[in-house]
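Here is the structure we will look at, set down as structure tokens.
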Amino acid sequence: MIAKKEVSAAERAAIFHEQYGNDLDAGTTLAELVRAAGDYISRIVGSEDTDPGMARIIDRVVTTSGNSVGEPGGWRGALEAARTTCFSEWRIGPLLHDLTAYAIYGIVLQGNEDHEARSRHLQALLTEAKELLEATPMAQWHLPANTDLTRLVRLATNRWALDNGNPVEPAALAELGGVSEGRIRNMIAGAKRTFSSDEGRIPAQEALAWLGKRDEFWNSVWREQHLPQYGVRRSAPLREPRFVPVARDGSAFHPGLQRGSGYTIGEKGEEAQIFDYNEALVLLQRMPTPYWRRPNSVGNWGIVAGVRWDRLDTSDLEVLAAHPDHRLPEDERA
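For the sequence shown, my numbering begins at 194 and goes up steadily by one.
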């Protein structure tokens, strides 16, 4: 089994896009915050004025999930059902999504080759997340203390501290190293302690030495990383633009997905085989929610649903067809 520190940034990015939402998705916390904000506004102005506005606010999130809000008064239930879509549809969602890649995998989903620019980018993401959390009256709105947003800010803040030689919190070190917080605190106390204490935090050098021996830890590689870039924003007009559906894991519908008699599209039980790619793409564009089959990391062809549409050039599609395992990062949306 290959050690995590040996896994390239490109492979980490692929793993991240494939597994995003399985454990940490701060976008779901956005749904809780918006619901709480709507409840608060409703207490002030009344539901008859609040509900239509809230229904409009969440419409794109709900529509992207393949559903509809229905009556304005049902916006809370519609939002809860679509909470896993929030990461891609609201302004701060993609920022939290990208910060998660850094917090867990130690990478940055930004194509700039200048590590100083990457540093500024990460700092901006972290600042956005911290300011959002600090501005939210979590206790007053009776929200859980340990939301995914709280976890993300804690992990990202402490990874940033490690990357810059500063001490880290025991709770964050425990999560990064895959142990309980109690174990870390035991390693700080007693005559045979492993760590010294810097006002309750653990010095970066000691923390990194311990993390280096942990199989669960993804070391930071963002300074020296190299990620392939496909479908990036460009200043020149696209020669032959195509709007293609992209699944939640970043996999797109591209010409390399043809097998047998064509491309398999449609929901389970209503699938069709379409030989021509452009025809298949048109049919996907007409579906309320586009569905298509593509191979997963072990080669099994499963059905995925599109959660967004990316505008790519036909040359990008050719590159994707040649690199079928590539995932499109959120910050490369056109």
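Using N, Cα and C, we set each Cβ at its ideal position, and we do this for glycine too.
Tell me where the alpha helix (DSSP H) around Gln212 begins and ends. As a first step, residue 212 is located in the sequence shown; it is residue number 19 there, counting from the start. Unbroken alpha helix (DSSP H) run through Gln212: 202 to 212.
Who are the Cβ neighbours of Ala440 in its own chain at under 7 Å, not counting the five residues just before and after it? The residue given as residue 440 occupies position 247 in the sequence shown. If we look at Ala440 and ignore the five residues flanking it on each side, its Cβ neighbours are Val497, Ala498, Gly499, Val500.
Less than 8 Å between the CB atoms is what I'm expecting for Thr350 and Leu319, so what's the real figure, rounded? Residue mapping note: residue 350 aligns to position 157 of the sequence shown, counting from 1. Residue mapping note: residue 319 aligns to position 126 of the sequence shown, counting from 1. The pair is a contact, with the Cβ atoms about 7 Å apart (cut-off 8 Å).
Buried or exposed for Glu472, going by 16 or more other Cβ atoms inside 10 Å? Stepping through the sequence shown from its first residue, residue 472 is reached at position 279. Under this definition Glu472 is an exposed residue.
Specify, as a first and last residue, the run of the alpha helix (DSSP H) that Leu521 falls within. The residue given as residue 521 occupies position 328 in the sequence shown. That residue, Leu521, is in no alpha helix (DSSP H); it is neither H nor E in DSSP.
Under the three-state DSSP convention, the category Trp353 falls into: Here residue 353 refers to the residue found at position 160 of the sequence shown. Note: Trp353 maps to helix in three-state DSSP.
Please name the residue or residues paired with Pro481 in a DSSP beta bridge. Within the sequence shown, residue 481 is the residue found at index 288, counting from 1. None, per the DSSP bridge assignment.
Comparing alpha-carbon positions, which option in Met247, Ala271, Ala206, Trp283 lies nearest Gly220? For this step, residue 220 is matched to residue 27 along the sequence shown. Measuring from the Cα of Gly220, the nearest candidate turns out to be Trp283.
Ignoring anything shorter than 4 residues or poking outside the segment 347 to 410, list the alpha helix (DSSP H) runs there in chain order. Taking only runs of at least 4 residues, the alpha helix (DSSP H) segments lying wholly in the segment 347 to 410 are 363 to 370, 374 to 381, 397 to 404.
Express the C-alpha separation of Ala400 and Asp442 in angstroms, rounding to a whole number. Counted from its first residue, the sequence shown places residue 442 at position 249. Counted from its first residue, the sequence shown places residue 400 at position 207. Distance between the alpha carbons of Asp442 and Ala400: 32 Å.
Spatial distance of Arg394 from Ala354 (CA atoms): As a first step, residue 394 is located in the sequence shown; it is residue number 201 there, counting from the start. As a first step, residue 354 is located in the sequence shown; it is residue number 161 there, counting from the start. As the crow flies, the alpha-carbon of Arg394 is around 11 Å from that of Ala354.
Does Gly231 pass the burial test, meaning 16 or more other C-beta atoms within 10 Å, or should it be called exposed? Mapped onto the sequence shown, residue 231 falls at position 38. Under this definition Gly231 is a buried residue.
Which value, in whole angstroms, describes the spacing of the CA atoms of Arg352 and Val262? Translated into the one-based positions of the sequence shown, residue 352 becomes position 159. Translated into the one-based positions of the sequence shown, residue 262 becomes position 69. Within the model, the alpha-carbon separation for Arg352 versus Val262 is close to 39 Å.
Kindly examine the ligand FMN and report whether one of its heavy atoms sits closer than 7 Å to the Cβ of Ala354. The ligand FMN is absent from the structure shown, which contains no ligand whatsoever.
Just reading off the alpha helix (DSSP H) that Ala498 is part of, what are its end residues? As a working note, residue 498 is residue 305 in the sequence shown. Ala498 -> not in any alpha helix (DSSP H); beta strand (DSSP E) instead, spanning 494 to 506.
Where His516 sits in the DSSP three-state scheme: Counting from 1 along the sequence shown, the entry for residue 516 is found at position 323. Residue state, collapsed to three classes: coil.
Can you tell me which residues form a DSSP beta bridge with Gly455? By 1-based counting over the sequence shown, the position of residue 455 is 262. DSSP output for Gly455 lists Arg452 as bridge partner(s).
Per the DSSP calculation, Ala440 is bridged to which residue(s)? Working through the sequence shown from its first residue, we reach residue 440 at position 247. Ala440 pairs with Gly499.
Under a Cβ-count criterion, where at least 16 other Cβ atoms within 10 Å of its own Cβ denotes burial, should Arg205 be classed as buried or exposed? Position 12 of the sequence shown holds residue 205. With at least 16 other beta carbons inside 10 angstroms of its own, Arg205 counts as buried.
State buried or exposed for Arg487, treating a residue as buried only when at least 16 other CB atoms are found within 10 Å of its CB. Against the sequence shown, residue 487 aligns to sequence position 294. Taking every protein chain shown into account, the CB of Arg487 has 16 or more other CB atoms within 10 angstroms, so this residue is buried.
What's the gap between the Cα of Phe209 and the Cα of Lys198? Locating residue 209 in the sequence shown gives position 16, where the first residue counts as 1. Locating residue 198 in the sequence shown gives position 5, where the first residue counts as 1. Annotation: Phe209 to Lys198 spans about 15 Å, alpha carbon to alpha carbon.
Excluding the 5 residues preceding and the 5 following Ser413 in the sequence, name in chain order all residues of the same chain whose CB lies nearer than 6 Å to its CB. By 1-based counting over the sequence shown, the position of residue 413 is 220. Only Gly299, Asp356 meet the Cβ criterion.
Tell me whether the beta-carbon of Thr278 lies closer than 8 Å to the beta-carbon of Thr257. On the sequence shown, residue 278 is found 85 positions in, with the first residue counted as 1. On the sequence shown, residue 257 is found 64 positions in, with the first residue counted as 1. Closer than 8 Å, so yes.
Spatial neighbours of Leu474 in its chain, beta-carbon cut-off 6 Å, leaving aside the 5 residues before and after: Along the sequence shown, read from residue 1 onward, the residue named residue 474 stands at position 281. So no residue of the chain qualifies.
Which residue comes first and which comes last in the alpha helix (DSSP H) that contains Ile195? On the sequence shown, position 2 is the one that residue 195 refers to. Careful: Ile195 lies outside any alpha helix (DSSP H) and carries neither H nor E.
Cβ of Ser444 within 8 Å of Cβ of Arg386? For the purposes of this step, residue 444 is taken as residue 251 along the sequence shown, with counting starting at 1. For the purposes of this step, residue 386 is taken as residue 193 along the sequence shown, with counting starting at 1. Cβ distance not < 8 Å, so Ser444 and Arg386 don't count as in contact.
Would Asp154 and Trp268 be called neighbours here (beta carbons separated by less than 8 Å)? Nothing in the structure corresponds to residue 154, since the chain is present only between 194 and 527.
So, Leu510 versus His447, is the Cβ gap smaller than 8 Å? Taking the sequence shown and counting its residues from 1, one reaches residue 510 at position 317. Taking the sequence shown and counting its residues from 1, one reaches residue 447 at position 254. Yes. Within cutoff.
Going by other Cβ atoms of all chains shown within 10 Å of its Cβ, with 16 needed for buried, is Gln418 buried or exposed? Taking the first residue of the sequence shown as position 1, residue 418 is located at position 225. By the 10 Å Cβ count, Gln418 comes out buried.
Looking only at its own chain, which residues have a Cβ that is under 7 Å from the Cβ of Glu368, when we skip the five neighbours before and after it? In the sequence shown, counting from the first residue as 1, residue 368 sits at position 175. Within the same chain, Glu368 has close Cβ partners Leu348.
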